[in-house]
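Residue numbers for the sequence shown, in my numbering: 3 to 394.
Backbone N, C-alpha and C define an ideal beta-carbon position, used for all residues, glycine too.
Just so it is clear, the structure is predicted and the values come from calculations on it, not from any experiment.
Here's the structure, in structure tokens; my notes come after.
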Amino acid sequence: MSVSTRAAELFAAEHGRAPSAVWSAPGRVNLIGEHTDYNDGFVLPMAIPHRVAVAIGPRDDRKLVATTWGDDGELHQADELVVDDLRPGSPTGWPAFPAGVAWALREAGHAVPGLDLLIVGDVPTGAGLSSSHALQCALALAMLDHLGLAPGEPGAPSLAEIARLVQRSENDYVGAPTGLLDQTASLRCVESRVLFFDVRSGDAEQVPFDPRGAGLELLVIDTRAKHSHSESGYGERRKGCERAAELLEVKALRDISAAQLPEANEKLPDELQPLVKHVVTENERVLSAVELLRSGGYAEIGPLLNASHASLRDDYRVSCLELDVAVDAAVQAGALGARMTGGGFGGSAIALIPTADRARVESAVRDAFAERSLAEPRVFIAIPSAGAGRDR
């Protein structure tokens, strides 16, 4: 049963009526381009089949009532919230996400009414696959639809504007200083493509990505090392990048080229130089990967994935033991390239592997984790999938 079907059925059972709509949005894997989005750079994500669905219906008061279907197979209802009283910082935990989206829409001038929401998802949480943004994108679309402002309707915000609304919810209400990568991927990705997105200009290109047609697969390794943008060093890294841009007198690190790094380093304190190096070289890796994919050179992006991980580990310092074990084991077992994906400090890694070697790579990764007494990782194949949409 799909998460959207379950959400509709649970909503009807909980509220005694069918929902007015069900919207869902996917998690994502970022093929390459990490920590470049909040530096006005380039990213290359794709949606995965795992999704979060939101069934929505009206209430005759000004309350927001959100219920979620938990991993324990039980419904969990958050405290009732009055839409007009929503303020950043309360509530916390998962109820902050529906509250934050409603608040961001209200702050943008939309008259958000009382709503019943029922949430069902299968995007692994804490795995660096953007479950929180999938949730918020589905929520924003469902709420806008309820207001007669679904994408394509007269006066409706664009997908780019919705991404920024979700970013405001995440940044200013939930308290996580994320960029625009995850929201944009969840809203705008399409099947059999990766999204080449220029964060500064907003330009987007759907680049064909069919690894299976080339005898390859993209393996996702959920290390089960939980991460959280709001609690990790993510914000510290972002502030470091902003400080470096100020010292270099540029709008963002996107404006520094690799050839300018030696000169740039002369103006930077030692602790900021590795951050700048990562962002500058990662942007170049994204551009190189796009050129290879445009010509069908899927296998040739492997070294770029390896270089990206080394940079994230050594320069940006956002990897961890579990991610390094996953990447090293996959490469040693025959992966063409591997890297952590997402913000880091835990979460998931990806590995580009020949289809014929899948069993060997998976076994090698599991064995490497077992040898270090780490929790058994969850592995699955990432298939470029559709972005957010209305399911009923």
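Expressed to the nearest angstrom, what Euclidean distance is found between the alpha-carbon atoms of residue 152 and residue 85?
As a working mapping, residue 152 is identified with position 150 in the sequence shown. As a working mapping, residue 85 is identified with position 83 in the sequence shown. In a straight line, the C-alpha of residue 152 is about 20 angstroms away from that of residue 85.
Could you tell me which residues DSSP pairs with residue 200 in its beta bridges?
The residue given as residue 200 occupies position 198 in the sequence shown. Residue 200 pairs with 44.
Would you check if the distance between the CB atom of residue 53 and the CB atom of residue 147 is smaller than 8 angstroms?
Taking the first residue of the sequence shown as position 1, residue 53 is located at position 51. Taking the first residue of the sequence shown as position 1, residue 147 is located at position 145. The answer is no: Cβ separation not under 8 angstroms.
Using DSSP bridges, identify the partner residues of residue 61.
Against the sequence shown, residue 61 aligns to sequence position 59. Per DSSP, none; premise fails for residue 61.
Could you pull the start and end residues of the beta strand (DSSP E) that residue 341 belongs to?
Taking the first residue of the sequence shown as position 1, residue 341 is located at position 339. Element bounds for residue 341: 339 to 343.
For residue 126, name the three-state secondary structure that DSSP assigns.
For the purposes of this step, residue 126 is taken as the residue at position 124 of the sequence shown. Coil at residue 126, not helix or strand.
The alpha helix (DSSP H) with residue 311 in it runs from where to where?
Walking along the sequence shown from the start, residue 311 turns up at place 309. Residue 311 -> alpha helix (DSSP H) spans 304 to 316.
Taking the runs of the alpha helix (DSSP H) that are 4 residues or longer, which of them lie wholly in the region 66 to 109?
As far as the region 66 to 109 is concerned, its whole alpha helix (DSSP H) runs of at least 4 residues are 98 to 109.
I need the DSSP call for residue 213, collapsed to helix, strand or coil.
As a first step, residue 213 must be located in the sequence shown, where it is residue number 211. It is helical.
Could you tell me the distance, in whole angstroms, from the CA atom of residue 335 to the CA atom of residue 106?
The residue labelled residue 335 in the question sits at position 333 within the sequence shown. The residue labelled residue 106 in the question sits at position 104 within the sequence shown. Whole-angstrom Cα-Cα distance: 46 angstroms.
How far does the beta strand (DSSP E) with residue 298 in it extend, from its first residue to its last?
Here residue 298 is taken as the residue at index 296 of the sequence shown, counted from 1. Segment: none, residue 298 is in no beta strand (DSSP E) and carries neither H nor E.
With residue 264 as the anchor, note down where its beta strand (DSSP E) starts and where it stops.
Position 262 of the sequence shown holds residue 264. It is not in any beta strand (DSSP E) - residue 264 instead sits in the alpha helix (DSSP H) that spans 263 to 267.
Check whether the region 250 to 262 and the region 38 to 53 are in contact - that is, three or more C-beta pairs closer than 8 angstroms.
Result yes; three or more Cβ-Cβ pairs closer than 8 angstroms.
Would you kindly work out how many angstroms separate the C-alpha atoms of residue 299 and residue 353, rounded to a whole number?
Numbered from 1 along the sequence shown, position 297 holds the residue referred to as residue 299. Numbered from 1 along the sequence shown, position 351 holds the residue referred to as residue 353. Taking the straight line joining both Cα atoms gives about 16 angstroms.
The alpha helix (DSSP H) with residue 224 in it runs from where to where?
To locate residue 224, count along the sequence shown from 1; it is residue 222. Per DSSP, residue 224 belongs to no alpha helix (DSSP H); it is in the beta strand (DSSP E), 218 to 227.
Run the proximity test for residue 95: is its beta-carbon closer than 7 angstroms to any non-hydrogen atom belonging to the ligand SAM?
You won't find the ligand SAM in this model; it holds no ligand whatsoever.
For residue 131, which three-state DSSP category applies?
Taking the sequence shown and counting its residues from 1, one reaches residue 131 at position 129. Residue 131: coil per DSSP, three-state reduction.
Classify residue 3 as buried or exposed, calling it buried when 16 or more other Cβ atoms lie within 10 Å of its own Cβ.
Here the question's residue 3 lines up with position 1 in the sequence shown. That one is exposed.
In angstroms, rounded to a whole number, what distance separates the CA positions of residue 164 and residue 190?
By 1-based counting over the sequence shown, the position of residue 164 is 162. By 1-based counting over the sequence shown, the position of residue 190 is 188. If you take the alpha carbons of residue 164 and residue 190, they lie about 11 angstroms apart.
Alpha carbon to alpha carbon, what distance is there between residue 140 and residue 75?
Here residue 75 is taken as the residue at index 73 of the sequence shown, counted from 1. Here residue 140 is taken as the residue at index 138 of the sequence shown, counted from 1. Cα to Cα, residue 75 sits roughly 21 angstroms from residue 140.
Are the region 281 to 289 and the region 301 to 314 in contact at 8 angstroms, needing three or more beta carbon pairs?
Because the criterion of three Cβ pairs below 8 angstroms is met, the region 281 to 289 and the region 301 to 314 touch.
Taking 8 angstroms as the cut-off, decide whether the C-beta atoms of residue 345 and residue 236 are in contact.
Counted from its first residue, the sequence shown places residue 345 at position 343. Counted from its first residue, the sequence shown places residue 236 at position 234. Yes, they are a contact pair.
In angstroms with no decimal places, state the Cα-to-Cα distance between residue 67 and residue 118.
In the sequence shown, residue 67 corresponds to position 65, counting from 1. In the sequence shown, residue 118 corresponds to position 116, counting from 1. Taking the straight line joining both Cα atoms gives about 5 angstroms.
Starting from residue 354 and walking both ways along the beta strand (DSSP E), at which residues does that stretch end?
Position 352 of the sequence shown, counted from the start, is the residue given in the question as residue 354. Its beta strand (DSSP E) spans residues 349 to 356.
Should residue 357 go down as buried or exposed, given a rule of 16 or more other Cβ atoms within 10 Å for buried?
Looking up residue 357 in the sequence shown gives position 355. So residue 357 ends up on the exposed side.
Give the single residue among 26, 136, 83 and 198 whose Cα lies nearest to the Cα of residue 36.
What you label residue 36 is simply residue 34 of the sequence shown in a count that begins at 1. It is 198.
Looking at C-beta atoms only, is the number of pairs between the region 243 to 252 and the region 217 to 227 that lie closer than 8 angstroms three or more?
Segments in contact, no.
Taking DSSP's pairing of strands, which residues face residue 382 in a bridge?
In the sequence shown, the residue the question calls residue 382 occupies position 380. Note: residue 382 sits in a beta bridge opposite 222.
Select from 182, 265, 64 and 149 the residue whose C-alpha is nearest the C-alpha of residue 30.
The residue given as residue 30 occupies position 28 in the sequence shown. The shortest C-alpha separation from residue 30 is found at 182.
Nearest-angstrom Cα distance between residue 20 and residue 9?
To locate residue 20, count along the sequence shown from 1; it is residue 18. To locate residue 9, count along the sequence shown from 1; it is residue 7. Cα to Cα, the separation comes out at about 10 angstroms.
Report the CB separation of residue 158 from residue 390 in whole angstroms; it is logged as a contact under 8 angstroms.
As a working mapping, residue 158 is identified with position 156 in the sequence shown. As a working mapping, residue 390 is identified with position 388 in the sequence shown. With 8 angstroms as the limit, residue 158 and residue 390 do not qualify as a contact, their Cβ atoms being about 14 angstroms apart.
How is the beta strand (DSSP E) around residue 34 delimited, first residue to last?
Along the sequence shown, one-based indexing puts residue 34 at 32. Looking at the DSSP string, the run of the beta strand (DSSP E) that includes residue 34 is 23 to 34.
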